[in-house]
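According to the working numbering, the sequence shown is numbered sequentially starting from 10. Input: a single structure, listed below in structure tokens.
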Amino acid sequence: MTIVLDAAIGFAWAMEEIALTRLFEIAAREHPITPQALEAYRAEALERGERATVRNGVAILRVEGPLFKRASLMTEHCGASSYDVLRRDLAAAVDNPGVRAIMLAIDSPGGEAAGCAEFAAAVADVRGRKPIVAYVADVGASAAYWIASACDRIICGPSAALGSIGVRMSMADTRDRDARSGVRRFDFVSSQSPYKVNDPATEDGSARIKARVDALAQVFVDAVADNRGVSAAQVLDGFGRGDVLIGAAAVAAGMADGLGTFESVLADLSASKPLAPRSVSLPPPRASLSAVAPKAAPRPVVPAPRQLSAAEVERIETDYAVLVMLKARRMALGQEC
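Quick look at the structure:
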């Protein structure tokens with residue numbers, strides 16, 4: 010498309026010549042895209058939400074990157090997510106009468122344990138009020154899987170990695186380095202609280218820290234078992250034992266309910282259709298999405314696409330040109346298959 014080439018040439022590029030040439034070649038390809046299709050693809054910001062969007066009556070909350078309890082520079086600029094922002098977006102989606110269903114688009118290796126249980130409980134509380142489904146395209150591990158398990162259903166991509174159930178705590182021992190540098194440290198602990206500070210280098214201190222980690226992991230296991238409707242023993246023995254399972258293997262183990270794509274899950278939720286039933290090898294399924302969706306509310310009528318103005322068409326095509334160029338750059342750098 011001419012507008013794509015014009016947009017590309019109009020920028021100053023600091024890129025290798027081969028990669029830039031490939032970008033122009035891809036951008037020059039013809040694509041049968043209509044303004045209406047582009048407009049339908051664009052999601053709108055969720056009213057009163059912070060990061061969530063809405064498409065066809067489905068609120069999309071993206072649980073991406075490392076997860077933190079509170080928003081920070083990592084969540085603002087480094088692709089991380091925070092439980093507090095996600096929870097506010099979840100509340101906005103639940104309260105919005107125009108939102109029929111909620112999707113958690115998960116691509117995260119996990120994150121802080123602090124705050125995860127609270128947000129996962131908030132997700133579980135939505136069940137029965139509005140259909141809520143987790144879609145894992147690539148990674149839904151550790152804290153991210155804890156959150157996913159709280160949804161009505163988990164659908165994953167064929168190469169998605171799910172699981173990593175467990176808790177880890179790392180401590181750096183800098184005493185030898187400090188000693189070489191002449192640094193000395195003195196810790197004074199109140200007599201009434203002998204176990205307030207535990208030395209991981211000692212047998213007793215290590216055991217106490219390990220017991221703390223085990224206790225938190227048990228909360229994790231029990232929550233997943235309750236969310237998925239299975240026993241804690243099945244979670245411990247069949248859900249990877251701390252490892253991740255890929256795609257179909259995760260479905261077979263009962264960690265997920267089926268394979269799919271982002272668009273297929275979105276389409277089913279938009280149409281208020283129940284997702285595919287669980288595999289017969291899995292534990293008895295919970296109620297289908299149609300059962301938990303409000304039955305009294307009539308399905309909203311989707312209005313016909315309005316005629317776009319010339320300015321709107323130009324804006325949409327320009328945005329699409331930028332998307333094409335960014336994707337081409339990732340492909341040139343080997344970041345995308």
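Glycine included, C-beta positions come from ideal geometry on N, C-alpha and C.
For residue i, the nearest candidate out of the options (CA to CA)
i           : options               : result
residue 69  : 142, 124 and 89       : 142
residue 164 : 175, 259, 106 and 59  : 259
residue 97  : 54, 156, 280 and 58   : 58
residue 157 : 139, 133, 249 and 56  : 133
residue 66  : 95, 75, 79 and 105    : 105
residue 125 : 54, 229, 177 and 281  : 229
residue 137 : 155, 63, 128 and 103  : 103
residue 279 : 140, 155 and 88       : 140
residue 155 : 187, 193, 239 and 234 : 234
Residue i to residue j span [Cα, whole Å]
i           : j           : result
residue 264 : residue 169 : 12 Å
residue 243 : residue 191 : 52 Å
residue 90  : residue 113 : 12 Å
residue 241 : residue 111 : 27 Å
residue 298 : residue 224 : Its pLDDT being 41, under 50, residue 298 is placed unreliably in this model, and the coordinates cannot settle the point.
residue 251 : residue 153 : 14 Å
residue 185 : residue 222 : 26 Å
residue 189 : residue 196 : 19 Å
residue 236 : residue 159 : 5 Å
residue 248 : residue 77  : 24 Å
residue 135 : residue 232 : 15 Å
residue 9   : residue 121 : Residue coverage of the chain in this structure runs from 10 to 346, which leaves residue 9 outside it and unanswerable.
residue 48  : residue 272 : In this predicted model, residue 48 has a pLDDT of only 44, less than 50, meaning its place in the structure is not dependable enough to derive any value.
residue 314 : residue 281 : With a pLDDT of only 45 at residue 314, under 50, the local geometry of the prediction cannot be trusted, and no value is derived from it.
residue 75  : residue 53  : 25 Å
residue 217 : residue 226 : 14 Å
residue 208 : residue 270 : 48 Å
Cβ distance (whole Å) where residue i is taken to contact residue j below 8 Å
i           : j           : result
residue 210 : residue 182 : 7 Å
residue 147 : residue 166 : 7 Å
residue 101 : residue 171 : Not really, about 27 Å apart at Cβ, beyond 8 Å.
residue 261 : residue 268 : Not really, about 11 Å apart at Cβ, beyond 8 Å.
Residue i, buried or exposed, once every other Cβ within 10 Å from all chains shown has been counted against 16
i           : result
residue 123 : exposed
residue 215 : exposed
residue 107 : exposed
residue 204 : exposed
residue 390 : Since the displayed the chain opens at 10 and closes at 346, residue 390 lies outside it and no answer follows.
residue 198 : exposed
residue 130 : exposed
residue 61  : buried
residue 149 : buried
residue 27  : exposed
residue 277 : buried
residue 7   : Summary: the structure shown does not reach residue 7, with the chain confined to residues 10 through 346, and so no result is reported for it.
residue 179 : exposed
residue 117 : buried
Distance CB(residue i)-CB(residue j) smaller than 8 Å
i           : j           : result
residue 266 : residue 162 : yes
residue 115 : residue 144 : yes
residue 254 : residue 64  : no
residue 173 : residue 151 : yes
residue 99  : residue 72  : no
residue 194 : residue 187 : yes
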